[in-house]
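And the structure:
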């Protein structure tokens, strides 16, 4: 068990190393932090911290740097989350308030996270359970080509999906008649219920119109589907360049992992349901991320939709500020999604 003085030394080492990117020596700690002890005492404390695995000496005669274990203790017991300033809170709120639909909200969120944290941001698309079908439309572009549109409403975010497809040659009146049956069957229902209700439409139309009806029903089912289920978007990859040698031996695997949706889903899956999840170094089991830190949060609402967002960066990151930013963005997005 580390005493308060050794914990203070560890906190000082983490703080200085994150700020300077250079190994930290005992003299610098005494000069920068009011530890009220001599350099020799600090050296002894550093020796204990190193023996316990909280810090390490990267080179002979160099200062010390934190290990994954040291960062974990810092996050769990020593870090004080930095509150966002009123200006920062207003900026987040205003930036997200301009979103017009789900795609825009996700795009704005991932860009915002990358900007405010200067890390790589990852945002999972939410899948709403409260959506209902608001409108169905089929617009004839040519005698053989039709634009299909299905609009969904749910919370503060609506979603409109569209698709251009070919149909058997039929009159526009036939298309309108079948559209009317589809609307009657599904408008006001959830996507899942709407999909089930479409099954009986083919039996209701005349045999000569069933080919057209089958095409329109098939397109409607496609547009009802959760288009973004499992999709993760990424922003801020160029921020990796600012980390210098932090990823000296692992930059390539990290870049490759950032392109794999399955890997990203696995990474964010560990944050599902938690206010804030912090995974440091080897705690990340996802391939390519074992030399990084992940700070993630679930967002959404318990009775509607849930998803996760977060940032990935070097283990040498400003944990208090990054945790505060991720938490704030997750809360603002949750509020945006659930307000009517």
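Numbering (this note's numbering), first residue to last: 969 to 1308. Where is the CB? At the ideal position from N, CA and C, for every residue including glycine. If you're wondering where the values come from, they're calculated on a predicted model, not measured in any experiment.
Per DSSP, cross-strand counterpart(s) of residue 1277: 1091 and 1265
Cβ neighbour criterion (16 or more within 10 Å) applied to residue 1116: buried
Which listed residue (1301, 1050, 1147 and 1110) has its alpha carbon closest to that of residue 1172: 1147
Residues bridged to residue 1034 (per DSSP): 1023
Which of helix, strand or coil DSSP assigns to residue 1308: Because residue 1308 sits at a pLDDT of 44, beneath the cut-off of 50, its placement in the model cannot be relied upon, and the following sentence gives the value as read from the coordinates. In this structure, residue 1308 counts as coil in the three-state DSSP scheme.
Beta-ladder partner(s) of residue 1183, from DSSP: Per DSSP, none; premise fails for residue 1183.
Straight-line Cα distance separating residue 1035 from residue 1316: In the structure as shown, the chain begins at 969 and stops at 1308. Residue 1316 is therefore absent and cannot be evaluated.
Alpha carbon of residue 1008 to alpha carbon of residue 993, nearest angstrom: 11 Å
For residue 1022 and residue 1037, the rounded distance between their alpha carbons: 5 Å
Presumed contact (8 Å Cβ cut-off) between residue 991 and residue 1033, rounded CB distance: 5 Å
Cutoff 7 Å; reference residue 1016; Cβ partners in own chain excluding five residues on either side: 974
Meets three-Cβ-pair contact criterion under 8 Å: the stretch 1170-1186 and the stretch 1130-1137: yes
Nearest neighbour of residue 1207, chosen from 1306, 1219 and 1235 [CA to CA]: 1219
Reduced DSSP category for residue 976 - H, G, I as helix; E, B as strand; rest coil: helix
Buried versus exposed call for residue 1225 [16 or more other C-beta atoms within 10 Å across all chains shown]: buried
Residue 1072 burial status per 10 Å Cβ neighbour count (16 or more: buried): exposed
Cβ pair residue 1256, residue 1221 closer than 7 Å: yes
Endpoints, the beta strand (DSSP E) within which residue 1078 is located: Per DSSP, residue 1078 belongs to no beta strand (DSSP E); it is in the alpha helix (DSSP H), 1070-1085.
Assumed close pair residue 1127, residue 1070 - CB separation to whole angstroms, cut-off 8 Å: 5 Å
Residues near residue 1308 in its chain [Cβ-Cβ closer than 6 Å; skip 5 each side]: Bear in mind that a pLDDT of 44 at residue 1308, under 50, signals an unreliable position, so the model cannot answer this.
Inter-residue spacing [alpha-carbon to alpha-carbon] between residue 1105 and residue 1155: 11 Å
Residue 1116, enclosing beta strand (DSSP E) - first and last residue: 1113-1121
Residue 981 versus residue 1089: straight-line alpha-carbon distance, rounded: 27 Å
For residue 1277 and residue 1263, the rounded distance between their alpha carbons: 9 Å
Under the three-state DSSP convention, the category residue 1143 falls into: helix
Minimum C-alpha distance to residue 1001 - residue among 983, 1018, 1012 and 1014: 983
Buried or exposed (CB count within 10 angstroms, at least 16 for buried), residue 1175: exposed
Proximal residues to residue 1170 (C-beta, below 8 Å), its chain only, five neighbours per side dropped: 1178, 1181, 1182 and 1185
Residue of 1227, 979 and 1056 minimising C-alpha distance to residue 1085: 1056
Residue 1063: first and last residue of the uninterrupted alpha helix (DSSP H) it sits in: 1054-1065
Of the residues 1191, 1285, 1282 and 1299, the one placed nearest residue 1243, counting alpha carbons only: 1299
Exposure label - residue 1062; buried when at least 16 CB within 10 Å: exposed
Of the residues 1284, 977 and 1027, the one placed nearest residue 1210, counting alpha carbons only: 1284
Alpha-carbon to alpha-carbon, residue 1250 and residue 1075: 30 Å
Alpha helix (DSSP H) segment containing residue 994, residue limits: 994-1000
DSSP-derived helix/strand/coil call for residue 962: Examination of residue 962 is not possible in this model, given that the chain is present from 969 through 1308 alone.
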